[in-house]
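With my numbering applied, the sequence shown covers 6 to 349. One structure below.
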Amino acid sequence: MHTAPRRLSTGGYIAFLQVGHLCKICFGSVKLPKVEDRCSLEPMLDILSYSESEWKGNTTKSTLIRKIPLPVWSQGYTKLSQRFESLRRVRGDNYCALRATLFQVLSTSTQPPVWLQVEHISTWAEELEAREGLIGQWMFPSECRQGGGSEDAVQQLKRYMELLQNRWQAAVGCSSMEERQRLCESVFQGGEEELGLLEALKLLMLVRASEFHTTMQEGGDVPVFCWLLYARDSSDCPRTFLFNHLSRVGFSGGLEQVEMFLLGYALQCTIQVYRLYMADTEEFVTYYPDDHKEDWPCVCLVTEDDRHYNVPVGQHNELQVPEYVPPDCLESKSQKTSRQADCH
Numbered sequence: 006m007h008t009a010p011r012r013l014s015t016g017g018y019i020a021f022l023q024v025g026h027l028c029k030i031c032f033g034s035v036k037l038p039k040v041e042d043r044c045s046l047e048p049m050l051d052i053l054s055y056s057e058s059e060w061k062g063n064t065t066k067s068t069l070i071r072k073i074p075l076p077v078w079s080q081g082y083t084k085l086s087q088r089f090e091s092l093r094r095v096r097g098d099n100y101c102a103l104r105a106t107l108f109q110v111l112s113t114s115t116q117p118p119v120w121l122q123v124e125h126i127s128t129w130a131e132e133l134e135a136r137e138g139l140i141g142q143w144m145f146p147s148e149c150r151q152g153g154g155s156e157d158a159v160q161q162l163k164r165y166m167e168l169l170q171n172r173w174q175a176a177v178g179c180s181s182m183e184e185r186q187r188l189c190e191s192v193f194q195g196g197e198e199e200l201g202l203l204e205a206l207k208l209l210m211l212v213r214a215s216e217f218h219t220t221m222q223e224g225g226d227v228p229v230f231c232w233l234l235y236a237r238d239s240s241d242c243p244r245t246f247l248f249n250h251l252s253r254v255g256f257s258g259g260l261e262q263v264e265m266f267l268l269g270y271a272l273q274c275t276i277q278v279y280r281l282y283m284a285d286t287e288e289f290v291t292y293y294p295d296d297h298k299e300d301w302p303c304v305c306l307v308t309e310d311d312r313h314y315n316v317p318v319g320q321h322n323e324l325q326v327p328e329y330v331p332p333d334c335l336e337s338k339s340q341k342t343s344r345q346a347d348c349h
């Protein structure tokens, strides 16, 4: 019989049932994420200085890093430094891929995607629960208090979706990059607001995964990664994907590579990742997904191991990304290429 986590949300008994259910069905004991009262991203560090200090360090991480050949490690950070000036380390918990991506999205967005402007975005949790019964057992971190115990999971996720919509629109409405950065600093403080936004991203991923699964069953076309997502024995439908994979994100595991593709599709954003341990291969720069590089905005992340992600930063004008244009409004490829900044 599994031991309940020591910290539960204010919902108390409800949260206990949620945790117990997932412990029993999915993956045994659960360690709830612990949050500190500080910004979830550290101040900027010089890329090459950071690279050297990490390699020479005496931490457990440094020991793991030294398994990467030094020439590959140095080559990766040298290439990275040719585009970016600095690096911001992201809090190293199991939310880091979601956190780094959302931080970059809010930091660089100049226009919200079409899906974010749809009025019924806040009803997606309710619709998914009514259609497939997937939301009722949603597990939240202890910092996400369920409205003093008065909210159920559907209501709570509705509130977080509205929060995501509001924060994204506020970021787009900022008059300068500096104002946008201040907004992001205030959001990413490790409390309920930040974690609620990350849970909203998980809901977005589940909604998209459900849509793709329905299309597959109907014989329609879906992105290639969907076949990989649902080819896993532990993820053959949206329900098993949620209970065996997505529900763990933030608690006992992070996003796998195939789920990074799903995140990109959920956000309608290309996630460009510099994979430092692959610096001597063609996979040094990987795109999630790789089939919308010309018509979706692009954000950049850095990883040393495909598990933990950091954020590269540099000149403001280097981080501007192309505005999202709905597919039916796209120009010809030649016109589009001439006006868009190269995502590479």
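Just so it is clear, CB atoms sit at the ideal spot from N, CA and C, and this is done for glycine as well. Just so we're clear, the structure is a prediction, and the values are computed from it rather than from any experiment.
Between the CA atoms of residue j and residue i - distance to the nearest angstrom
i: residue 253; j: residue 247; result: 8 angstroms
i: residue 245; j: residue 224; result: 21 angstroms
i: residue 57; j: residue 293; result: 28 angstroms
i: residue 299; j: residue 317; result: 21 angstroms
i: residue 145; j: residue 176; result: 25 angstroms
i: residue 79; j: residue 286; result: 14 angstroms
i: residue 219; j: residue 203; result: 25 angstroms
i: residue 82; j: residue 47; result: 18 angstroms
i: residue 260; j: residue 171; result: 25 angstroms
i: residue 118; j: residue 274; result: 9 angstroms
i: residue 167; j: residue 194; result: 19 angstroms
i: residue 269; j: residue 155; result: 33 angstroms
i: residue 213; j: residue 228; result: 12 angstroms
i: residue 180; j: residue 55; result: 32 angstroms
i: residue 77; j: residue 88; result: 18 angstroms
Reduced DSSP category for residue i - H, G, I as helix; E, B as strand; rest coil
i: residue 260; result: coil
i: residue 243; result: helix
i: residue 122; result: helix
i: residue 279; result: strand
i: residue 229; result: helix
i: residue 115; result: coil
i: residue 101; result: helix
i: residue 139; result: coil
i: residue 286; result: coil
i: residue 189; result: helix
i: residue 28; result: Any answer about residue 28 is weak, because its pLDDT of 41 lies below 50 and its placement is not dependable; what the coordinates show is given next. Helix at residue 28.
Closest by C-alpha distance to residue i, when choosing among the options
i: residue 284; options: 137, 308, 132, 221; result: 308
i: residue 276; options: 263, 58, 282, 291; result: 291
i: residue 113; options: 85, 173, 79, 236; result: 173
i: residue 108; options: 209, 305, 319, 313; result: 305
i: residue 50; options: 191, 278, 92; result: 92
i: residue 158; options: 179, 183, 131, 239; result: 131
i: residue 311; options: 295, 265, 274; result: 265
i: residue 111; options: 84, 296, 272; result: 272
i: residue 98; options: 258, 288, 185, 263; result: 258
i: residue 140; options: 178, 87, 196, 205; result: 205
i: residue 95; options: 237, 44, 263; result: 44
i: residue 314; options: 103, 72, 190; result: 103
i: residue 137; options: 101, 279, 123, 211; result: 211
i: residue 5; options: 295, 73, 135; result: This structure leaves residue 5 out entirely; the chain is present only between 6 and 349.
i: residue 149; options: 190, 240, 188, 198; result: 198
DSSP bridge partner residues for residue i (one or two, in chain order)
i: residue 93; result: 316
i: residue 51; result: 91
i: residue 293; result: 276
i: residue 46; result: 95
i: residue 77; result: Answer is none; residue 77 lacks a bridge partner.
i: residue 254; result: 258
Any 3 or more C-beta pairs closer than 8 angstroms across the segment 161-168 and the segment 117-134: yes
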